[in-house]
Each structure stands twice: as structure tokens, then as C-alpha cells.
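In the order they appear, the protein sequences are chains A and B. For the first sequence, counting from 1, position 202 maps to 202 in our numbering; every step adds exactly one. Heads up: take any position in the second sequence, counting from 1, add 1000, and you land on our numbering. We put the beta carbon where it would ideally sit given N, CA and C, even for glycine. Keep in mind that this is a model prediction, so the values were computed, not measured. Step one of this worksheet: look at the structure below.
Protein chains: 2
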Amino acid sequence: MAATIKDVAKHADVGIATVSKYLNGGKVLGKNSIRIDEAIVALNYKINSLARSLKTSKTMTVGVLLPSLENIFSTSIVSKIENILQEAGYSTLICDFQEDIILEKKKLVFLGDRQIDGMIYMPLKGCVEGLKQLQGNGIPVVLIDRAIKNCECDTVLIDNLNASYEAVEHLIIMGHRRIGIINGPDTIFTAEERMRGYYRVHEDYRISVDQKLIVCGDYRMDIAYEQAMKMLSAKNSPTALYVTNYEMTLGALMAINDLNLKIPEDLSFIGFDNLALANIFKPPLTIVVQPTSEIVETAARLLLKRMKGNQDGFPELIRMKTRLIKKNTVDKPKTLDS
Amino acid sequence: MAATIKDVAKHADVGIATVSKYLNGGKVLGKNSIRIDEAIVALNYKINSLARSLKTSKTMTVGVLLPSLENIFSTSIVSKIENILQEAGYSTLICDFQEDIILEKKKLVFLGDRQIDGMIYMPLKGCVEGLKQLQGNGIPVVLIDRAIKNCECDTVLIDNLNASYEAVEHLIIMGHRRIGIINGPDTIFTAEERMRGYYRVHEDYRISVDQKLIVCGDYRMDIAYEQAMKMLSAKNSPTALYVTNYEMTLGALMAINDLNLKIPEDLSFIGFDNLALANIFKPPLTIVVQPTSEIVETAARLLLKRMKGNQDGFPELIRMKTRLIKKNTVDKPKTLDS
DNA sequence: GTCAAAAGGTGAAACGTTTCGGTGTGTCGA
DNA sequence: TCGACACACCGAAACGTTTCACCTTTTGAC
Chain A
1 MAATIKDVAK HADVGIATVS KYLNGGKVLG KNSIRIDEAI VALNYKINSL
51 ARSLKTSKTM TVGVLLPSLE NIFSTSIVSK IENILQEAGY STLICDFQED
101 IILEKKKLVF LGDRQIDGMI YMPLKGCVEG LKQLQGNGIP VVLIDRAIKN
151 CECDTVLIDN LNASYEAVEH LIIMGHRRIG IINGPDTIFT AEERMRGYYR
201 VHEDYRISVD QKLIVCGDYR MDIAYEQAMK MLSAKNSPTA LYVTNYEMTL
251 GALMAINDLN LKIPEDLSFI GFDNLALANI FKPPLTIVVQ PTSEIVETAA
301 RLLLKRMKGN QDGFPELIRM KTRLIKKNTV DKPKTLDS
Chain B
1001 MAATIKDVAK HADVGIATVS KYLNGGKVLG KNSIRIDEAI VALNYKINSL
1051 ARSLKTSKTM TVGVLLPSLE NIFSTSIVSK IENILQEAGY STLICDFQED
1101 IILEKKKLVF LGDRQIDGMI YMPLKGCVEG LKQLQGNGIP VVLIDRAIKN
1151 CECDTVLIDN LNASYEAVEH LIIMGHRRIG IINGPDTIFT AEERMRGYYR
1201 VHEDYRISVD QKLIVCGDYR MDIAYEQAMK MLSAKNSPTA LYVTNYEMTL
1251 GALMAINDLN LKIPEDLSFI GFDNLALANI FKPPLTIVVQ PTSEIVETAA
1301 RLLLKRMKGN QDGFPELIRM KTRLIKKNTV DKPKTLDS
């Protein structure tokens, strides 16, 4: 039904190979290029990317594998990646695995079978075998946000430890000694690092850590809400609270509202991510922000480089710095208990 | 390098056609199926979906084309679509066009050239020619959230008019007569419908409309912020405000905060979308919520049906109902000016 | 005018699958 | 025992492209 390169060749009265060469940017005689162009228009010819891919074994498609699409961090990742890769002619195949490690493996295999040219992967557990197989087939993978242990792989992430360090340090300097943290599950890379920052700054300032002020959430809003409720309504509750991702920040704020705690009078607060939203709260939130655009852009450019065959410095581990945006939710504590 | 179906056939000592038939669920002798299975494992054979697609001209890929990925509505759309289609064996190719009508057309063409089997499309302007061409090639398209005029196409959207009607009616019943609306740009289908609902309820209750209380925003937060600032700080400002999407709801709330207006004492407020977030505000927001899951599920199932070749009832126009969630941001107005 | 080199043109083979038409084997009733 | 009929098997052709290896034309220095 649709016109093929043969039809174009016939219509333009040139050889197939000539048309192919022209389509791929090769040099052909001026008059031939004109006739080919005419033929293409006349026949409404579209190149069949399937046939081309079969021959070249390049699909010009990259897979993006994420734990979830339903959070703001993932969304901006996808959006940015798509736009950068598109410019380079690549399509973006999306998979999310709903934070489910069974599904994680399945979708990794699925993408692998789909003949992608490369992959951006934000692991949950981190499916090492699947990853190695992909790499074994010559498909470059760039990890984003989270590293996987025992695995040689390009990785772009943020300096989680110092992100926490800086946030908690700010609270300490303001005089807080009982600082609560609602963190992600300790099985997740980022959460573990963020926790370490919390501990380290306590150590550096010789402040003892109260385990009651530490909770492992699920990076999800509802759980964080309940955990915040519990922690903040217990006796000896913290004078400041630090929450380590956006969804949990919302959950914690909801709890704070429900408990009628005033920020920063009753409780100092530092949240995470989403600058835009932080400003609509009253008072505006002090938060840790990730350089999302830069992370994604770096990862995408690295992947493009690898897909071109450039293996310089493999495996690269790139760490980006977060920023602590100081607004109005941190103040001196009311009572100074050591 | 990788094993082909020929290798499998040779290893299993059967014909190529037999292997192919078996792989596609056809009947083969028991002993043959065992030997083929063995061969597949032994050679680590993976079917080459490219070659298969070339032959069958089915790519098992659907395109998803959206104005933007950076808002909560789009995100849940993508996530749901991906999961439903994946179950049916389809991959999801994502494109967003950054609310840019030039890019919209370009990406539509891009997806068309990529030999997708179907498409979910949330139009901005609505690129009719591109759409018709796709359909002409036998590729089903399901529009979501927004219809396109003069275009025969399956469409799944919400009853925008009655969404607004119901929200504004609620305000009217509570006694409000000066009700502000911050709406999307009137070039956008949903915004136009939502506006019509605003007018109609005013008409039905014989309340005259003050054009000063109507603003066309951009469905974006920053613009809405400024527009809300202006409207609410003008004299004769409204006693109630209705905002017609999520991002603008945030922007308006930010303005309300900055103006130190108390909700609902100084101003009644109805927002849009995102139930989860609505609850963390203080007081919890009265909002209009869309049945996002149902919309997407309906659209995805419809697309699957079309891709199977079932053309029953084409073109279908499916409208879903919104719900008005009444919380604590609507009260009687302080002063009753007619 | 000659000839080598350069530039450009060409069909056929190959990528790995599905499917068409044809062949072989086994079963079963008469 | 024979024919008829399923049933499953099988190789070859085809999908539309790229690329190899070869061929033709043009160019320009002598």
C-alpha cells in the first residue's frame, strides 16, 4: 500500500541504493536529489523505520524505567529526558513498575526485549542480573538518582548525605537539639545516604541522637502523615522536623495542620523538593531542592555519548549538589532542652 | 551474534515454520514443543520484535501525545495508560510538546512516522490534518480530555460545563453573588466549556455577570498568581473564587496567602483536581475532582478495542462526571451585596 | 587525446520474522 | 488393504531497508 524506496527509485529513475544514500545524507548529483525529492512528494513516501532498524539494528529508541510516575520528581525526569532525546532523534519508551520489585524485573526484561538502544534507569531494588545482561548486549544504561551496589554502571545522583547534613546543621545552628527526621525506607539508596547525613552532623556537633525521633517512612504521603502524627503528638516531641522527600513533606504538613501546630513557632520544619509549591505555603517552606534539570540533562547527555560508542571514563559516578532554600519555617526553638 | 529462529529450528531439528508457529501459540507435537523449548533456552533465543513487526506491520506500540508532562493530571494519565497497555503487551511511546502548537504538529508527525499501532492524544490546538492522516493510515486515535472540532474521532472527556455549574451553584446557594473565576485560555476546549458552565448557572439564577470577575489564565501557576492578586486586591473584589485547574489553584492560593486573606472568612474558595493535596491545606479545600483513573481506563480500553479492529459506534464521545468535594473553604459571604 | 583517480550509480544480498502452498504421516471406516 | 482426511511439518518468498562490491561517468593533469 504505502510507497517503498523501490517505488521512489523507479519514479525518480535512479537506483535504490542512490535513494538510500540520499535519504541518509550521502552525496548524490544535484539533479538526482531533485528528482528524488519530487518522487518522495509525489508518492508521499515515508521511510519505514522498522525495516531500517532491522537492517541497522539501531532502533533510535531509549527506555526509561522508573519506580513510579506518580510523583513530581519522576515527572520532571520524563519530561526533560523526552525533550533532550527527541532532539537527537530518539523516541522514549516509558515503563514504571509501581514500586514493585517483581514488576521491576519484569519491565526491565520487557524493555530489553524491545531492542532499545539505551536506557535510563531509576532502580528500586536494582535488578543486577537484568542490568548486566543489557550491558552485555552492548546496551548502555545510565542510573539516575540511585546507585546499585556491586554493579559497574554510569550513575548520576545527588549528594544526599550533604543535603541532609546541611539541612539538619541549619536547624542545629538555630538552636535545635531534638530534631525529628522522617526518612525513606532504609532499603533505598537515597534514604540510606540521607540518614547518614543526619547521623554525621549530630556526631560532628556532639549531639546525641534519640531513636524515637527517627522514622523510616515509605516515601509516600499517607504513611508519612501517620508517622508525623505519632511523633509530634508523643511527649518529648521534637522542636524541629526534617522530611526527606516531597510526598512525605506533604503528609507531614497535613499532620502538622491537623495537630494545630504553628510553624515555626511550635515547630521548625524543613521539607524536600518542589520549590514552586514551597512558596504557596504560609509561611513559605524552607526546603532542600534537587537540581532536577541538571541531573536529567547530565544523564541524558551521558547516555547519548555512550550510545555513540564513547566509553570514556566508564563507569562514571556523577554527584550533584542540592541547595537549601531558607524561608520562614525555621526559627529558634521555644525551649532549649539539651 | 544473537540466535535467530533458524538456529532454534536447526538445534531442535524441526522446520523454521514450526518454531514460528509454536512461538505464536500454534499447535505443534508435544515432543517438538519440548525440543523447541530446550533449544530456546540453550541458545538464549529472544524473538526479534523488529523483524516480526516488519512482517506483520504491527509494532505493539502506542503513542501518547500530551501538551505537557509537568502537571499532575498528565502524570496520572501516563502512569495508568502505561500499565493498562502493558498488560495487553503494548509499549508506550511518550511525547510531550510543551504546550507549543508548532511542536505539537511536529511530534504528531514524529509519532506517525514511528509506525505506532494507536495513539492517545490530548490536543492543545488540535492538529487536524496530522490526525486525519493517521486515521487514514488505519491508526486509531483516542482523544482525551479535549475534543477537536470538525473531526471524527473517539473522545473521552469530562463534563466540564456541569463541573463548573455545580461548583458555582454551590457558591450561589451559600449566598455568594460576586463570584470570581480564574479559567484557562478560551482557546482551549476544556476552558471554554468550564466558562460556559459559569455563565449558565448565573443565567439560571438570574444573577448578572461582572466581567471584571472573569479572567482567562493560562492553566499555569505563575500567571494565575498575578491574576488572583489583581482581582482580589481591586475594589469590589469577589466574595468567592473558583479556579479551574490544579496549577492555577496553587497560584491563586499563593496570592490569597500573600494578601493575608482568610479562607473562608474573607473569601470562599473552590479549586480543581488533586484530592490528596486538597486535604493538607488548612482549612481543607473544597474542590472539583475529575475521575482521572476512569477517564484513562476508558480511553485505553477503547483504544485497545479499536486496535483489535472493532469499529462499533465510531466515533464515540464519552463524557464522565466530576465530583464536587465539599470541605471547609466555602462559607456564607460576610456582606451580602446583590 | 590519454589515462588514472575520484565521484557517483547500481542491483543483489542480507537483516529475522511470518505465511503460503505443498508434502508427509497417521488414523479410521469400509 | 485401501483411500480419504486430518494434522502437523516444512522451505521459500516476502516485508522494506542498508550496504557491499562492482560498474560508469566525470574530472583534470600531462
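Between residue i and chain B, is any beta-carbon pair separated by less than 8 Å?
| i | result |
| --- | --- |
| R114/A | yes |
| A51/A | yes |
| D337/A | Bear in mind that the predicted position of D337/A carries a pLDDT of just 47, short of 50, making it unreliable; the figure below should be weighed with that in mind. Cβ-Cβ to chain B under 8 Å: no for D337/A. |
| C127/A | no |
| T187/A | no |
| K58/A | no |
| D266/A | no |
| S342/A | This structure cannot speak to residue 342/A, because chain A is shown only from 1 to 338. |
| S91/A | yes |
| E82/A | yes |
| A9/A | no |
| L54/A | yes |
For the ligand ATP, is there a heavy atom less than 7 Å away from the beta-carbon of residue i?
| i | result |
| --- | --- |
| K1125/B | Ligands displayed in this structure: none; no statement on the ligand ATP is therefore possible. |
Measuring only between beta-carbons, confirm whether residue i sits less than 8 Å from chain A.
| i | result |
| --- | --- |
| S1079/B | yes |
| M1254/B | yes |
| D1037/B | no |
| T1075/B | yes |
| S1164/B | no |
| I1280/B | yes |
| D1096/B | yes |
| A1276/B | yes |
| E1070/B | yes |
Would residue i be called buried (16 or more neighbouring beta carbons within 10 Å of its own) or exposed?
| i | result |
| --- | --- |
| T178/A | The question names Thr, but residue 178/A in the sequence shown is Arg. Burial call: buried. |
| M1/A | exposed |
| V41/A | exposed |
| T1075/B | buried |
| S1208/B | exposed |
| D1337/B | With a pLDDT of 47 at D1337/B, under the threshold of 50, the modelled position of that residue is not reliable, and the figure given next carries that caveat. So D1337/B counts as exposed. |
| N1236/B | exposed |
| F1097/B | buried |
| R220/A | buried |
| G1063/B | buried |
| Q1311/B | exposed |
| K80/A | buried |
| I34/A | exposed |
| L1250/B | buried |
| Q1211/B | exposed |
| G1309/B | exposed |
| K27/A | exposed |
Are the Cβ atoms of residue i and residue j separated by less than 8 Å?
| i | j | result |
| --- | --- | --- |
| T155/A | L1050/B | no |
| L43/A | H11/A | yes |
| A1234/B | A1252/B | no |
| I120/A | L261/A | no |
| I287/A | G271/A | yes |
| D273/A | V289/A | yes |
| P1291/B | M1320/B | yes |
| R146/A | L157/A | yes |
| C127/A | F110/A | no |
| L1275/B | I1325/B | yes |
| N1183/B | R1200/B | no |
| L103/A | T92/A | no |
| K1134/B | V1141/B | With the sequence shown as reference, residue 1134/B is identified as Leu, and Lys is not the correct amino acid for it. Yes; because the gap between Cβ atoms is below 8 Å, this pair is in contact. |
Give the DSSP bridge partners of residue i, in chain order.
| i | result |
| --- | --- |
| M1339/B | The requested residue 1339/B is not part of the displayed model; chain B covers only 1001 to 1338. |
| V1142/B | I1120/B, D1154/B |
| L54/A | Beta-bridge pairing links L54/A to no other residue. |
| N183/A | C216/A |
| I263/A | Looking at the DSSP assignment, I263/A forms no beta bridge with any residue, so it has no partner. |
| I1094/B | V1064/B |
| L1241/B | G1180/B, F1269/B |
| V1289/B | R1323/B |
| I318/A | V156/A |
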